[in-house]
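Residue numbers (UniProt numbering): 1 to 122. No residue lacks a Cβ here, since even glycine has one placed at the ideal position from N, Cα and C. All of these numbers come straight from a predicted model, not from anything done at the bench. To keep things clear, I will list the structure first and then write my remarks on it.
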């Protein structure tokens with residue numbers, strides 16, 4: 001497994017932490033739930049509802065680079081598919097703007113860093 005350092009994206013007053021694992025974007029599940037306005041208990045239930053391929057536990061030792069924004073204990077992260085599933089389940093007016101922000105800003109930012117990494121390595 002190849003994991004990158006943590007990237008931070010800001011949406012209003014909320015932070016979304018993202019990492020790239022094997023050239024795929026993963027998002028800290030708790031951050032996604034914060035964006036959606038869910039409580040800690042709702043976070044657990046939402047993560048539990050995802051399939052095994054949509055979520056995984058990522059320990060801090062799996063990451064490279066600066067990890068200031070990643071907890072020592074690690075965190076559950078979700079794929080882009082898991083992210084869309086959580087947004088779909090929690091339909092509110094605010095989720096449309098969050099989804100648009102992810103599509104227009106977060107994903108292009110992550111893809112650019114993956115492309116730059118591939119270019120530097122090759």
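Cα-Cα separation, residue 85 to residue 91: Looking at the two C-alpha atoms, the distance is approximately 10 Å.
Quick one: what's residue 77 bridged to in DSSP? Its beta-bridge partners are 28 and 56.
Inter-residue spacing [alpha-carbon to alpha-carbon] between residue 47 and residue 59: A direct Cα-to-Cα measurement between residue 47 and residue 59 gives close to 17 Å.
For residue 78 versus residue 36, is the C-beta spacing smaller than 8 Å? For the pair residue 78 and residue 36, the CB atoms are not nearer than the 8 Å cut-off.
Residue 104 versus residue 110: straight-line alpha-carbon distance, rounded: A straight-line Cα-Cα distance of about 11 Å links residue 104 and residue 110.
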